[in-house]
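Asks: If you count by mature numbering (1 follows the signal peptide of the UniProt record, and there is no 0), then the sequence shown holds residues -31 to -1, 1 to 248, one letter each, in order.
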Amino acid sequence: MSQALRIPRPLLYVPLSVLLAACAVPATRPAAVEANATTRATGYLADDAVPASLDLVPAPPAAGSAGFALDEQVSREARALRGTPRFAQATRDAELGFPEGAGQFSCAIDMDVDAQRTPALYRLLERSRIDASAATRAAKKHYQRPRPFMVNGEPTCSPDDEAGLRGNGSYPSGHTSIGWAWALILSEIAPGRADAIQARGRNYGESRLVCNVHWQSDILEGRFMGAAAVARLHDNAGFQRDLAAARKEIAAARAAGMHSSRDCAAEESVLKVRPGSAL
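(1) Alpha carbon to alpha carbon, how far is residue 138 from residue 115? Give it in angstroms, no decimals.
(2) Out of curiosity, what's the CA-to-CA distance linking residue 171 and residue 22?
(3) Below 8 angstroms, how does it come out for the stretch 56 to 72 and the stretch 204 to 216: are there three or more Cβ pairs, yes or no?
(4) Nearest to residue 181 by CA position, among 219, 240, 155 and 120, is which residue?
(5) Within 10 angstroms of its Cβ, does residue 33 collect 16 or more other Cβ (buried), or is it exposed?
(6) Helix, strand or coil, according to DSSP, for residue 217 in the structure here?
(7) Buried or exposed: residue 221, going by 16 or more other Cβ atoms within 10 Å of its Cβ?
(8) Would you call residue 85 buried or exposed, if buried means 16 or more other Cβ atoms sit within 10 Å of its Cβ?
(9) What's the call for residue 109, buried or exposed, on a 16-neighbour Cβ count within 10 Å?
(10) What first and last residue would you give for the alpha helix (DSSP H) that runs through residue 13?
(11) Tell me, please, whether the CB atom of residue 39 is closer than 8 angstroms to any CB atom in chain C?
(12) How big is the Cα-Cα spacing for residue 118 and residue 178?
(13) Roughly how many angstroms lie between the CA atoms of residue 96 and residue 235, to the nearest whole one?
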């Protein structure tokens, strides 16, 4: 036997199944984001590290309960914003697909985010989005709560998404979980903008009320699951690397005098309109 074909002696004693396993490509779980978002990215968390929403959130308010009466009241107040600038903003907030979704907090952090100039921050937002959405999956599937537009018969801000949303439970809100996770992450890497970022995280979720696709209780528990996801992410080495790199990108952008290119004064004014006095 020639030297080129000789098998190293230690490998002669390794079971074939182990060698095959070492060559296997690890499976990736599908992105669990809501109807209008598609991505090739994967989250940071393994399936067994995703927070267990079915164990962490209570059952949604039952029909006829005081909790559901409040949900209906807030929904009516939110639907009254149809046709206003706040409704137009809620329509923009519905977009979770990347690259558009990367800019949802541009005004809050006062910086544009894209894959070319801020690759680590872009990657951090895209991948954490998948984890925050996955954190709501079990409860959504279990409760299959009908969304407001399915109950009140009124349209949403994203008609093209309605067919998909009908089969995706309302409780807890995936968009809200994502928005609040982003708010917590961005507050950590841009602490000087923390108040603006967290306010944006709150009103990002409230946009789902204005869009007539979520109830108030969906929003509240969505924030909870977003926070739970971020807690798990902090124990992930890949997340920590991207977090550190994103912090450096933001610092460099600040030093270079970069700011958001959006009309942030207009956005801030619109977002001061809240969708329900009960909130």
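Quick reminder that beta carbons are idealized off the backbone N, C-alpha and C, glycines included.
Replies: Put simply:
(1) Position 146 of the sequence shown, counted from the start, is the residue given in the question as residue 115. Position 169 of the sequence shown, counted from the start, is the residue given in the question as residue 138. Straight-line spacing of the CA atoms in residue 115 and residue 138 works out to 6 angstroms.
(2) Locating residue 171 in the sequence shown gives position 202, where the first residue counts as 1. Locating residue 22 in the sequence shown gives position 53, where the first residue counts as 1. Approximately 20 angstroms, taken between the alpha carbons.
(3) Result no; under three Cβ-Cβ pairs closer than 8 angstroms.
(4) Stepping through the sequence shown from its first residue, residue 181 is reached at position 212. Of the listed residues, the one whose Cα sits closest to residue 181 is 120.
(5) Position 64 of the sequence shown, counted from the first residue, corresponds to residue 33. Classification of residue 33: exposed, given that the 10 Å Cβ count is below 16.
(6) Looking up residue 217 in the sequence shown gives position 248. Helix.
(7) By 1-based counting over the sequence shown, the position of residue 221 is 252. So residue 221 ends up on the exposed side.
(8) Sequence index remark: in the sequence shown, residue 85 carries index 116 (1-based). Counting Cβ neighbours within 10 Å, residue 85 comes out exposed, since fewer than 16 surround it.
(9) Taking the sequence shown and counting its residues from 1, one reaches residue 109 at position 140. Buried, since its Cβ has 16 or more Cβ neighbours within 10 Å.
(10) Here the question's residue 13 lines up with position 44 in the sequence shown. Element bounds for residue 13: n/a, residue is neither H nor E.
(11) The structure shown contains no chain C; it holds only a single protein chain.
(12) Here the question's residue 118 lines up with position 149 in the sequence shown. Here the question's residue 178 lines up with position 209 in the sequence shown. Going by C-alpha positions, residue 118 is about 10 angstroms away from residue 178.
(13) Taking the sequence shown and counting its residues from 1, one reaches residue 96 at position 127. Taking the sequence shown and counting its residues from 1, one reaches residue 235 at position 266. About 29 angstroms.
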